[in-house]
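K.L.:
Shown below is the structure under consideration.
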Amino acid sequence: MRYSRIIGTGSALPEKVVTNHDLEKILDTSDTWIRERTGISERRVAADGQTTCDLAEQACKQVLERTGVDPKSIDLLVLGTTTPNLIFPSTACLLQDRLGMQECAAFDVNAACSGFIYALSVADQFVRNGTVKRALVVGAETLTRMLDWSDRSTAVLFADGAGAAIIEASDEPGVLSTHIHANGGHANLLCADVGVSEGFKQGEPRGGLKVLMTGNEVFKVAVRTLGRIVDETLEANNMDKADIDWLIPHQANLRIIQATAKKLNMPMERVIVTVHKHGNTSSASVPLALDEAISTGQVKRGENLLLEAFGGGFTWGAALIRY
Ligand code: UT7
């Protein structure tokens, strides 16, 4: 049987740290409210001129260096993002050029916060069916570029970053299964409601480009849906909760993460949490957490990792990985 295996990861964060106390100065909010309701203490914000592609490039160069992989030997580049540099070409195309890769397929996947799980799922299919030997999978965002800094319901949550993984064909189990879903019926609960085809809003900053979220509604659906995707993933692999060594969740809210951990009967020591220092970096959140888990040596070869995410669309997904 042919699997894809993760051979390495990398990540990148902007230098600028914005703490809850910094936000207290510009918004009607408090460090206590943000920490208690979300688990976030600080987040990273891209510098002026620093783009999604810049962060993605930094994360990819790190994984290329760590693995010694020649970028020319990569057959596929899939990049999850909701905040591309340009409308087109895709950020994946810009990144392919910067990394000096050959003329492999390169494309973006827009699945909001589930972007990395979607990208990994797509790349995994190509590797499994034998079309591709080696793929670069990226999640990268500059979400703060589309925040309304006067809206306390979103400004305290979202942030910037990038994470990358190289996967490669192997006879040994690696990615055991991926599961991706969407339900466009809830599109209005989490969105940025302007665009090329819908048009932009006259007289509003950036043409009305901003994140809009009905947080408490999203919260309820997220907890319920992530519970279901965990069951679906375990069933597909004939596994029990106890078979999972590590939960590597999307980092939107510590309370959502705790609810999924509880569903898995998992102590929080087996859950990778970065939300306190990264905030919600959308597509970048899972690969940033994965890279932290691997580079700090917490996750060991042979262990079972459950990655999951939920985001605007709604989209959601999970990947079960034998690392
Ligand atoms: O990554 C994609 C998926 N996204 C998510 O999963 C996010 C899901 N949602 C959440 O994480 C939470 O719903 C939030 C953190 C966004 C909000 O927490 P909540 O406990 O659901 O609060 P709420 O929206 O029900 O608001 C409770 C109160 C409201 O005041 P009133 O009406 O009770 O007087 C809000 O106006 O908290 C107020 N509030 C704030 N207060 C201080 C909302 N934002 C803030 C804030 N600082 N930043």
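Position one of the sequence shown corresponds to residue 171 (the numbering used here), numbered consecutively onward. Ideal Cβ positions, reconstructed from N, Cα and C, are used throughout, including at glycine.
Can you give me the C-alpha to C-alpha distance between C274 and C263, rounded to a whole angstrom?
P.N.:
Start at 1 with the first residue of the sequence shown, and residue 274 comes out as number 104. Start at 1 with the first residue of the sequence shown, and residue 263 comes out as number 93. Straight-line Cα distance between these residues: approximately 10 Å.
K.L.:
Have a look at V307 and V364 and give me their C-alpha separation to the nearest angstrom.
P.N.:
By one-based count along the sequence shown, residue 307 stands at place 137. By one-based count along the sequence shown, residue 364 stands at place 194. Cα to Cα, the separation comes out at about 28 Å.
K.L.:
With contact counted as at least three CB pairs below 8 Å, one residue from each stretch, are the segment 395 to 405 and the segment 323 to 343 in contact?
P.N.:
As far as the Cβ criterion goes, the segment 395 to 405 does not touch the segment 323 to 343, which means the pair count is below three.
K.L.:
Please classify D321: does DSSP put it in a helix, a strand, or coil?
P.N.:
Position 151 of the sequence shown, counting from 1, holds the residue named residue 321. Residue state, collapsed to three classes: coil.
K.L.:
In whole angstroms, what is the alpha-carbon distance linking T237 and L417?
P.N.:
Residue 237 sits at position 67 when you count from the first residue of the sequence shown. Residue 417 sits at position 247 when you count from the first residue of the sequence shown. For T237 and L417, the distance between alpha carbons rounds to 24 Å.
K.L.:
Alpha carbon to alpha carbon, how far is H448 from R207?
P.N.:
For the purposes of this step, residue 448 is identified with residue 278 of the sequence shown, where counting begins at 1. For the purposes of this step, residue 207 is identified with residue 37 of the sequence shown, where counting begins at 1. If I take the Cα positions, the gap works out to 15 Å.
K.L.:
In terms of alpha-carbon separation, which member of S211, E227, S181 lies closest to N190?
P.N.:
Your numbering for residue 190 matches position 20 in the sequence shown. Among S211, E227, S181, the Cα nearest to that of N190 belongs to S211.
K.L.:
According to DSSP, H480 sits in a beta bridge with which residue or residues?
P.N.:
Within the sequence shown, residue 480 is the residue found at index 310, counting from 1. At residue 480 the sequence reads Phe, which differs from the His that was named. Paired residues: W486.
K.L.:
Does W319 pass the burial test, meaning 16 or more other C-beta atoms within 10 Å, or should it be called exposed?
P.N.:
Position 149 of the sequence shown, counted from the start, is the residue given in the question as residue 319. Exposed.
K.L.:
Tell me which same chain residues have a C-beta within less than 6 Å of the C-beta of L249, skipping the five on either side of it?
P.N.:
By 1-based counting over the sequence shown, the position of residue 249 is 79. Within the same chain, L249 has close Cβ partners T261, A262, D278, V308.
K.L.:
From the DSSP output, in three-state form, read off T430 for me.
P.N.:
Looking up residue 430 in the sequence shown gives position 260. T430: helix per DSSP, three-state reduction.
K.L.:
Enumerate in chain order the residues of its own chain whose CB-to-CB distance from S291 is below 6 Å, with the five nearest sequence positions on each side excluded.
P.N.:
Taking the first residue of the sequence shown as position 1, residue 291 is located at position 121. Excluding positions up to five away in sequence, the list reads T348, I350.
K.L.:
Go to P419, then tell me how far its beta strand (DSSP E) extends in each direction, as first and last residue.
P.N.:
As a working mapping, residue 419 is identified with position 249 in the sequence shown. Where P419 is concerned, the enclosing beta strand (DSSP E) stretches over 416 to 419.
K.L.:
Closer than 8 Å is the cut-off here; do at least three beta carbon pairs connect the segment 449 to 459 with the segment 171 to 191?
P.N.:
yes
K.L.:
By Cβ distance, which residues of its chain are closer than 7 Å to V187, with the 5 residues on each side in sequence left out?
P.N.:
Position 17 of the sequence shown holds residue 187. Correct list, in chain order: E212, R214.
K.L.:
Distance, Cα to Cα, I427 vs V441?
P.N.:
Position 257 of the sequence shown, counted from the start, is the residue given in the question as residue 427. Position 271 of the sequence shown, counted from the start, is the residue given in the question as residue 441. Using only the alpha carbons, I get a separation of about 8 Å.
K.L.:
Just the Cα atoms here: how many angstroms apart are G285 and S367?
P.N.:
As a working note, residue 285 is residue 115 in the sequence shown. As a working note, residue 367 is residue 197 in the sequence shown. Answer to the nearest angstrom: the Cα atoms are 22 Å apart.
K.L.:
Look at G467 and L360 and say whether their C-beta atoms are less than 8 Å apart.
P.N.:
Locating residue 467 in the sequence shown gives position 297, counting from the first residue. Locating residue 360 in the sequence shown gives position 190, counting from the first residue. Cβ distance not < 8 Å, so G467 and L360 don't count as in contact.
K.L.:
Under 7 Å: does the beta carbon of L313 sit that close to some heavy atom of the ligand UT7?
P.N.:
To locate residue 313, count along the sequence shown from 1; it is residue 143. Answer for L313: no, Cβ out of range of the ligand UT7.
K.L.:
Looking at H356 and V391, is the spacing between their C-beta atoms short of 8 Å?
P.N.:
Taking the first residue of the sequence shown as position 1, residue 391 is located at position 221. Taking the first residue of the sequence shown as position 1, residue 356 is located at position 186. In contact: V391 and H356 (Cβ atoms closer than 8 Å).
K.L.:
Could you check if S452 is buried or exposed, using at least 16 other CB atoms within 10 Å of its CB as the buried criterion?
P.N.:
Here residue 452 is taken as the residue at index 282 of the sequence shown, counted from 1. By the neighbour-count rule (16 or more Cβ atoms within 10 Å), S452 is buried.
K.L.:
What residue from M271, M383, M409, R315 has the CA that sits closest to P375's CA?
P.N.:
Counting from one through the sequence shown, the residue named residue 375 turns up at place 205. If we check each option's Cα against that of P375, R315 comes out closest.
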